[in-house]
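Protein chains in written order, with numbering that gives the first Met the number 0: chain H, 0 to 313; chain V, 0 to 313.
We put the CB at the ideal spot given by N, CA and C, even for glycine.
What follows is a short report on a single structure.
2 protein chains.
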Amino acid sequence: MSLLVVGTVAFDSIKTPFGSVEKVIGGAATYISWAATFYYRNVKLVSVIGDDWPETEIHHLRARGVDTEGLQIRKGQKSFFWEGKYNNDMNSRDTLATDLNVLADFDPILPESYKKSRYVMLGNLTPDIQLRVLEQLTARPKLIVMDTMNYWMDVAMPSLKKVLSKVDLLTINDDEARQLSGEHSLVKAANAILKMGPSYLVIKKGEHGALLFYRNSIFFAPALPLQDVVDPTGAGDTFAGGFIGYLAQSDNIQYNYMKRAMIYGSAMASLCVEEFSLQKIQTLTHDEIVDRLNEFVKLTKFNIKLNYDSNDDE
Amino acid sequence: MSLLVVGTVAFDSIKTPFGSVEKVIGGAATYISWAATFYYRNVKLVSVIGDDWPETEIHHLRARGVDTEGLQIRKGQKSFFWEGKYNNDMNSRDTLATDLNVLADFDPILPESYKKSRYVMLGNLTPDIQLRVLEQLTARPKLIVMDTMNYWMDVAMPSLKKVLSKVDLLTINDDEARQLSGEHSLVKAANAILKMGPSYLVIKKGEHGALLFYRNSIFFAPALPLQDVVDPTGAGDTFAGGFIGYLAQSDNIQYNYMKRAMIYGSAMASLCVEEFSLQKIQTLTHDEIVDRLNEFVKLTKFNIKLNYDSNDDE
């Protein structure tokens with residue numbers, strides 16, 4: 000059993016109203032893998048970097064149980080680079096630079112040992128690359144989660160819809176859900192998107208939390224209100240990593256596990272944004288995670304006893 | 000024991016991208032009183048109207064157990080009128096007209112039987128009027144809740160701060176919390192506002208739910224994602240009415256009751272916005288409220304057992 004993670008491994012330069020960092024460790028697959036390993040140690044990474052990405056970071060990942068056989072290293076080339084600037088509200092950002100570098104002609108090759116992965120997390124990438132990964136699998140995974148973004152809706156909608164028809168769960172933000180569905184109401188948007196393939200939909204609303212849609216049920220995981228948000232970069236990927244890491248550990252994707260996974264993912268994301276880059280995640284202790292989960296319980300727990308079916312909540 | 004409600008009783012004209020209504024029943028105290036009566040029937044209303052406000056609506060209120068002795072009716076004058084237009088996202092609105100009419104020289108006079116009210120809800124009004132109400136009370140209420148808005152922060156901050164120093168709980172929206180405190184982080188904003196007088200702070204975030212701050216604790220009540228929002232007018236007041244109505248009924252303001260009150264208020268608000276004006280609230284059944292509360296339980300319930308102290312949750 001393993002968790003296959005596909006996505007970017009990159010450098011980021013990040014400016015916020017409160018500080019900035021240059022060429023730090025970033026990339027969707029980096030955040031996803033790190034977050035997942037707190038729950039599940041058999042992660043198999045597929046990505047591409049240049050020989051400029053620090054070898055110590057690769058060792059770090061390996062030490063966390065991440066198999067990097069599928070991480071292609073291109074000699075003499077540069078890793079994917081993103082530069083962004085957050086606005087005063089920390090909720091919106093402008094991209095200042097996107098240098099694809101090694102990503103421009105990335106062809107994901109799955110090592111033999113990856114091809115029967117039971118859990119698959121497709122980080123945000125060209126839909127065609129996501130498809131290429133799915134095509135190489137020799138057994139249908141128990142759960143395929145896909146992340147994407149508005150850019151692919153603008154330039155590659157047919158491919159995006161093809162991937163969508165093959166996955167179990169889609170994670171996107173609220174604006175993207177509206178764009179993909181053409182519906183303003185998130186309930187209507189979710190109903191439309193669930194008809195495109197996935198059985199589950201997670202709509203991420205940043206500081207306003209995240210919604211899980213499944214059949215006629217909706218579950219809401221709030222974001223924890225924080226004293227300071229230092230750097231929102233990677234929050235969505237950290238959420239996804241905690242989410243699928245918890246499910247892989249449980250090896251159970253029933254709705255009640257999905258709900259719990261939403262909280263585990265949200266807890267990881269709330270920790271991630273308290274420092275730049277992966278600084279907080281890379282030094283996290285088990286106790287810090289338990290404390291944070293506890294804060295989520297306190298934030299949401301109330302006791303109204305109605306005709307709610309407690310069997311629902313095994 | 001009684002619940003004193005002070006606020007506007009008015010006419011509204013409302014435009015949304017999906018429809019419009021002209022000169023319908025509105026006003027903060029109308030929404031608050033109606034919502035409160037589903038939990039608690041001894042409501043005492045203080046407000047002012049012209050003789051154009053429909054007498055049948057006054058009878059309606061009385062039939063719900065609302066004492067209207069404190070409702071001044073000015074012969075030959077017009078009731079307060081507000082006209083607004085919601086933008087496409089239904090989250091922001093523009094005020095097209097505000098005709099103060101009878102509100103221009105409103106002096107709230109508390110009938111003798113109102114002066115020992117145990118629960119007091121100060122709807123959004125000039126801070127000086129809110130103060131005048133508090134001055135007439137002959138016994139300190141168990142709970143004074145105050146609503147206000149950014150306009151009073153712009154034009155009457157000293158009076159606003161004076162009222163604030165005398166109340167137990169303030170309800171405002173997120174932008175107003177930032178304006179009042181000068182802090183962007185809602186956690187920091189709450190800490191600053193709790194030093195201005197109130198023991199409790201509710202920050203309303205519209206479709207993104209509401210936060211309750213008390214000492215070092217935060218509780219979050221989500222908004223229920225809805226298929227269609229028809230008219231957000233009065234949602235905040237309906238929340239406040241359900242909130243304080245539930246507390247008055249329980250006659251218990253401990254934190255656990257406050258948390259439950261947040262959910263009761265949110266349930267009432269979610270019902271309110273499904274129709275224009277008070278249409279839904281005025282025809283609501285007990286079963287509809289129970290069903291809605293049940294939806295809130297389903298929306299938020301998950302079972303992670305950690306070291307959360309269950310005594311917290313009496």
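Determine the contact status of residue i and residue j, defining contact as a CB-CB distance below 8 Å.
i, j, result
"H:LEU109", "H:GLY69", "yes"
"H:PHE212", "H:ALA189", "yes"
"V:PHE301", "H:LYS141", "no"
"V:VAL186", "V:SER78", "no"
"H:ARG291", "H:LEU270", "yes"
"H:GLY83", "H:ASP98", "no"
"H:TRP33", "H:GLN281", "yes"
"V:TYR30", "V:THR237", "yes"
"H:MET398", "H:PRO231", "Only positions 0 to 313 of chain H appear in this structure, which leaves residue 398 of chain H out of reach."
"V:TYR256", "V:SER216", "no"
"V:GLU56", "V:ILE24", "yes"
"V:GLN71", "V:VAL47", "yes"
"V:THR137", "V:TYR85", "no"
"V:SER184", "H:LEU225", "yes"
For chain V, check one thing: does any of its Cβ atoms lie closer than 8 Å to the Cβ of residue i?
i, result
"H:LEU292", "yes"
"H:SER216", "yes"
"H:TYR307", "A caution first: H:TYR307 carries a pLDDT of 46, below 50, which makes its placement in the model unreliable, though a value can still be read off. Closer than 8 Å to some Cβ of chain V, the Cβ of H:TYR307 qualifies, so yes."
"H:LEU298", "yes"
"H:LYS258", "yes"
"H:PRO197", "no"
"H:ASP312", "Residue placement at H:ASP312 is flagged as unreliable, the pLDDT there being 45, under the threshold of 50; a coordinate-derived value is accordingly withheld."
"H:ALA234", "no"
Looking only at its own chain, which residues have a Cβ that is under 6 Å from the Cβ of residue i, when we skip the five neighbours before and after it?
i, result
"V:MET0", "ARG117"
"H:TYR245", "TYR38, ALA260, TYR263"
"H:GLY196", "LEU163, SER164"
"V:SER198", "ASP167"
"H:LEU169", "MET145, PRO197, LEU200"
"H:PHE295", "ILE262, ALA266"
"H:ASP66", "LYS43"
"H:GLY235", "LYS203"
Let me make sure I understand the geometry here. Which of the options has the alpha-carbon closest to that of residue i?
i, options, result
"V:ASN172", "V:GLY241, V:ALA209, V:GLY6", "V:ALA209"
"V:ASP104", "V:SER112, V:VAL119, V:THR94, V:GLN76", "V:GLN76"
"V:ASN123", "V:ASP286, V:SER12, V:GLY233", "V:GLY233"
"V:LYS115", "V:ASP98, V:PRO107, V:LEU121, V:LEU133", "V:LEU133"
"V:LEU44", "V:GLU274, V:GLN278, V:LEU2", "V:LEU2"
"H:MET267", "H:ILE24, H:TYR254, H:PRO231, H:GLY241", "H:GLY241"
"V:ALA222", "V:SER216, V:ARG214, V:ASN215, V:ILE202", "V:ILE202"
"V:MET152", "V:LEU179, V:ILE143, V:ARG139, V:ALA35", "V:LEU179"
"H:PHE17", "H:VAL228, H:ILE143, H:ILE57", "H:VAL228"
"H:GLY26", "H:HIS58, H:VAL5, H:ASN86", "H:VAL5"
"V:GLN248", "V:LEU159, V:LYS297, V:LYS14, V:THR36", "V:THR36"
"H:VAL20", "H:PHE275, H:VAL289, H:ASP286", "H:PHE275"
So, for residue i: in the same chain, excluding its five sequence neighbours on each side, which residues have a beta-carbon less than 8 Å away from its beta-carbon?
i, result
"H:LYS161", "PRO126, LEU130"
"H:ASP174", "ASN149"
"V:ARG40", "ARG63, GLY64"
"H:ASN100", "GLY49, GLN76, LYS77, SER78, PHE79, PHE80"
"V:LYS22", "PHE10, ASP11, SER12, PHE80"
"H:ASP250", "MET0, ARG117, LYS141"
"V:ASP312", "Summary for V:ASP312: the model assigns pLDDT 46, below 50, so the residue's position carries little reliability, and this model does not support an answer."
"V:ARG61", "THR67"
Return no unless some Cβ of chain H is closer than 8 Å to the Cβ of residue i.
i, result
"V:ILE303", "yes"
"V:ILE13", "no"
"V:THR137", "no"
"V:ILE262", "yes"
Residues of chain V with a CB under 8 Å from the CB of residue i: which are they?
i, result
"H:GLN226", "SER184, VAL186, LYS187"
"H:HIS207", "LYS204, HIS207, GLY208"
Residues of chain H with CB closer than 7 Å to the CB of residue i, please, in chain order.
i, result
"V:PHE219", "PRO221, LEU298, THR299"
When every heavy atom of the ligand MG is checked, does at least one fall within less than 7 Å of the C-beta of residue i?
i, result
"V:TYR213", "For the ligand MG, the structure offers nothing, since it holds no ligand at all."
Excluding the five sequence neighbours on either side, which residues of its own chain have a C-beta within less than 7 Å of the C-beta of residue i, listed in chain order?
i, result
"V:LEU193", "LEU200, PHE212"
"H:ILE128", "PHE105, PRO107"
"V:ARG177", "HIS183, ALA188"
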